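Below is one structure, written out as structure tokens, with a few remarks after it.
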Amino acid sequence: MVLTLWSLRPRYTQPPDLRKEYGSISSFCTFKINHGGSFTNTVSGRSYIDGLVDHFDFVDMDVLSVHELDDMMAVLGYNDGGIMFYHFMIPEIDLDSGLLPLGTDQEVIQLARYVLNHKKINLYIEHGNTRVVPYFKSPLKVHIEEVEGNDSPEMNRVRMKRKSIGSCSKKLDLNESTDLSKLIVPYEPVINKKHSVDRENDPFKGIWWGKNLHDVEFFEDEYSGSKESVSEGPWSEGSRSEGNMPDDESEDKDFFVDLENIVDDVDVDMKEFHIHVDEDVEWVQKTTKEASGSGVDFTEGEDLEVIDPESFESPIVDEDNNRERMLRDIRKEKSCSEGVVHQKAFTLGQKFKTKKDVKEYINKHAVEIKRDLHFEKNDKTRIRAKCRGVVPYMSGGPWTKSRTGFKDKTVNMKEGKCPWVVLVSRPKERDEWVVNTLVSEHRCVQSRTIKACNYKFIAANIVKQIESNPTIPANALQEDLIQKFEMNMSRMKVHQAKELAQKHVFGDFQKQYAILRDYGLELMERNPGTNVKIDCYSEPNLNSDTRTFRRIYICLGALKEGFKANLRDFIGLDGTFMKGPYPGQILTAAGVDSNNGIYSLAYALVENETTNSWTWFLEQLGDDLELYANSNFTFISDRQKGIIPVIAKLFPQAEHRFCLRHIYENIKRQWKDKELKDLVWACATATTIRHFEKALEELKKFKAEAHDWLIQIPLAHWARSHFSGRAHTNILLNNLCEVLNGKIQGGRDKPIIYCLEYIREYLMKGICNIDRCNDPLTPTATSLLDQMKRQAQKHRCIFNGVKTQVTTHWGDQFIVNLDEKTFTCRHWEITGMLCSHAISAIWDKIKHGAENVPELEHWVHPCYWLVTWAEVYKCKIEPINGRLMWPKSQCPTKLLPPKHVVQVGRPKKKRKRAYDEPTTQGHKLSKRWTTVTCRKCNNKGHNSRTCKGQGGPNDKRTEETGG
């Protein structure tokens, strides 16, 4: 029974990367089966029409047969016994000349030749009858003479070799009872009718045409005395030329491979090769003649343990060729009695290009075999490595009797005396390194502490793991490495290896500052209109060729143009800290698009969040957006240090809002009443002065101290009732910048260029798909307008010819003037979005016979229109090249990283939590900010362990004693 691994791939799924999926398994491939159709009758330009396509993955050519194809077709639903013809197409050749039949096991072997270089094979199925002429012209067609009797010496030439589980190189003796006339028949087209082969009486039952199938040779003298043989399979010994062996041991290893222009080797039929060769030449058919003459059964591929140089004596053969041939035989992979191939780590004559390759190979081998290999010689021309493992030996002492005859013996351990040694040298400096001396025997025991398994070796083996999971903890990485290599690894060694691997993946923190100017030039070249500014610390010595980095500001040209088309003069400002070895702050500026989404505008990396840094950032931002001192702009911030006086100085006419959440966080530190949150929110969300004053009075009644503290903040900074309508938004929270800081969190602990690229790639991906929208407004604006329509249905209107009185279902009344677009509720004025009162007044106006009244969507401000949204995202952020293609900066000075200032205490990597924000410890909530009650004295403020007998009215001990 053969275990099959192939599986049917579901249709309409993303195709996998076959090279990556199959890895080093060269026999796996994918079948693309075209079925249910037929070929055209055209002479040229043949195609397969009216068919379906399915894929079978993980097809193993080592165990594939025609019966497996039958099972695949049964999975596709062809199990009704219909006639089918199987074909396959040679990769990179069209259907006219590359279509071959696939009806016998020999043709399956021929198909396997192409799997080594092509992991996707096209199969074509014909149903009922075939229109393909090449199907009856198989290149494997042979004529076989029926031989009578089993004593003919020709029978000894029929040799098959296969591999079975649990044994090594079992032979098939065809001289026992197998009739060759039944075994191999002249080629005929195979018609598959639920495959019409009697599997019970199948002569090939038990013979698997797999990886170790050897050639079956037949000689026919009836016609011309020529020798014809079945063409060799792709895995047979005879077909494995030096250049095609899995471990290519050809003499010339210095070749270049152009992966983009791989040319397949042309199939050559070698059946007529020996006709034109003189058989008297010494090497021709030498093995066959010796086998037939002496009657010795020669089995190809046997292990060659000892090489006798005298057997290669020939006056015309070069000794160097003999040496190379002997070395190739020694290097050849051999199978043990269990069928497992053991590859030798070192062989005599093995070559290395550089000294570094030699040392890395020896260190890798030391870890694999768990032996302590030491470099005894390590100079320009020689590298000698010896094993310093611990060797056990027998000595006198108490010992139990055993059948081996050792009595009163004990096992002791001592260092040294292990015979393993390897010498790699080169005669000249320009020559390759060659293995000259090799003793591959080990007498020592394995060890779990190997010097070669250092942090550099570990780092080289975890690069891919760090690249896919950069945040993996050191403890988890340590456990994984210990299980993988079976070595003792300290946590500090794993931590050092992780840092080195991260440096390789993300770049060096210090070296990236030197190429920061090149990165800025690439950004400006690929994205027109981009502004990149780099600020350095002042240098006392003007002739110095180095400058110390201080800040960098980036505003991409596409974002700049898109923001100007947004029609919303509103920007949120915020900062977040860096986590790397060079501390700093990332300052960001973001706006709100037509769909009320985040629209990032500019970002900078500065030394600290100070008045000086915010002044520099806002100056650059004002130059890009063409903002002046009298610009009517609106900013929102968290009241960071220094940002309030900076905005008041640079943009005195601008409106500056404060984030209400941060205001409430300051209130909670003094007053912990939960009702304060609703009262403060009611004050901030009131859109009219009268509603604001009413809410403020309720706050004063509840907590006068909180009321007095809150009104000290200017009302224009946090109350909607005092907002102007220039921003067309009523945002009270700075969530847009908070969300942006959370999105770029993955780049804050990386080197500077990686961090800046992380932000740019995030902004590059933020492209909205506007083509799916059909409404005149954006999706969010449409949803808000529908919500207002539902509320407007509950209102009652009275129209006097000019103005409309709107009464809500709560009893509130507002005045709406549609001609002047004024509303006493001020919702339309602040946001630019129609309120429910305006919608009710428009409907009432239409009800009274008004003509030419625009649709409701036209009353909304243009910043919510779909055309405006499309105009904003019409500008795309362009990709950039890799580091090698960046332009070189002509600046004569070199940029150095900022001065590293060690912060007090342990570096903080987590954000500051709110005053009463719940924290977790594992799977439980923390007991912080909760009151503890002592079980001894029933008093609060301490527990039973810290109780000092304070006593009190609730003391249990006092009640028990009756005191």
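Quick note, in this note's numbering, the sequence shown goes up one by one and the last residue is 1295. Note that beta-carbon positions come from the ideal geometry of N, C-alpha and C, so glycine has one too. Bear in mind that the values here come from a model prediction, so they are computed numbers and not experimental data.
Helix, strand or coil at residue i according to DSSP, with G and I counted as helix
i: E857; result: helix
i: Q985; result: coil
i: I866; result: strand
i: S932; result: strand
i: E458; result: strand
i: E708; result: strand
i: P347; result: coil
i: G1281; result: coil
i: K688; result: helix
i: A717; result: strand
i: W948; result: helix
i: R1122; result: helix
i: V1264; result: coil
i: F420; result: strand
i: L387; result: For the record, residue 387 in the displayed sequence is His; it is not Leu. DSSP places H387 in strand when its eight states are reduced to three.
i: H1049; result: helix
i: P872; result: coil
i: N1062; result: coil
i: T1114; result: helix
i: P1211; result: coil
i: N1149; result: strand
i: N1067; result: helix
Other residues of its chain near residue i: CB distance less than 6 Å, five sequence neighbours each side excluded
i: I968; result: G904, R989, N1066
i: T1265; result: K1272
i: S945; result: V938
i: T1262; result: none
i: R1128; result: T1139
i: T769; result: L755
i: R319; result: Missing from the structure shown is residue 319; the chain here goes from 333 to 1295 and no further.
i: G894; result: V1204, C1207
i: N852; result: Checking the displayed sequence, the identity of residue 852 turns out to be Gly instead of Asn. Closer than 6 Å at the Cβ level, and outside the excluded window around G852, lie V864.
Proximity winner among the options, relative to residue i (alpha-carbon distances)
i: Q972; options: N962, Q985, N940; result: N940
i: D970; options: E987, A1016, A961, G907; result: G907
i: V1314; options: H387, I381, D437; result: There is no way to answer for residue 1314, as the model of the chain reaches only from 333 to 1295.
i: Q778; options: S359, A833, I701; result: I701
i: I1300; options: L1095, I1130, I415, V690; result: The structure shown has nothing for residue 1300, since the chain only spans 333 to 1295.
i: Q985; options: N962, D1005, Y996, K1000; result: N962
i: A677; options: I1130, S772, R720; result: S772
i: R849; options: L1227, Y960, I999, V1134; result: L1227
i: Y1090; options: V766, N1275, I918; result: I918
i: E1210; options: K1026, F1155, L891; result: L891
i: R879; options: W1050, Y845, C1069; result: Y845
i: L757; options: K451, T803, N710; result: Going by the sequence as given, residue 757 is Ser instead of Leu. Closest option to S757, Cα to Cα, is N710.
i: L957; options: I1021, A922, L384; result: A922
i: D402; options: G435, G430, N859, E424; result: G435
CB of residue i within 8 Å of CB of residue j, strictly
i: V1185; j: K1179; result: no
i: V276; j: C776; result: With the chain covering only 333 through 1295, there is no way to say anything about residue 276.
i: E764; j: K696; result: no
i: Y418; j: I357; result: no
i: H1039; j: L1028; result: yes
i: R883; j: D901; result: no
i: E708; j: A698; result: no
i: T1019; j: V924; result: no
Cβ-based neighbour list, residue i, same chain, cut-off 8 Å, excluding 5 preceding and 5 following
i: M1165; result: A1113, L1116, L1117, M1120, H1159, V1192, H1193, Y1196
i: C991; result: I968, S969, D970, R971, L1064, L1065, N1066
i: D428; result: S376, G377, R378
i: Q952; result: N863, K865, Y885, C887, A934, A936
i: D1151; result: V1134
Own chain residues within Cβ distance below 7 Å of residue i, not counting five before or after
i: I1111; result: The amino acid occupying residue 1111 in the given sequence is Pro; Ile does not appear at that position. Excluding positions up to five away in sequence, the list reads N927, C1105.
i: E871; result: R879
i: N1275; result: V1264, C1266
Any contact between the segment 785-800 and the segment 811-821? By contact I mean 3 or more CB pairs, one from each, below 8 Å.
yes
Does the contact criterion of 3 or more C-beta pairs under 8 Å hold for the segment 1000-1018 versus the segment 1076-1085?
no
I want to know whether the segment 344-361 touches the segment 439-454 - three or more CB-CB distances under 8 Å.
yes
Examine the Cβ distances between the segment 335-355 and the segment 386-394 and report whether three or more of them are shorter than 8 Å.
yes
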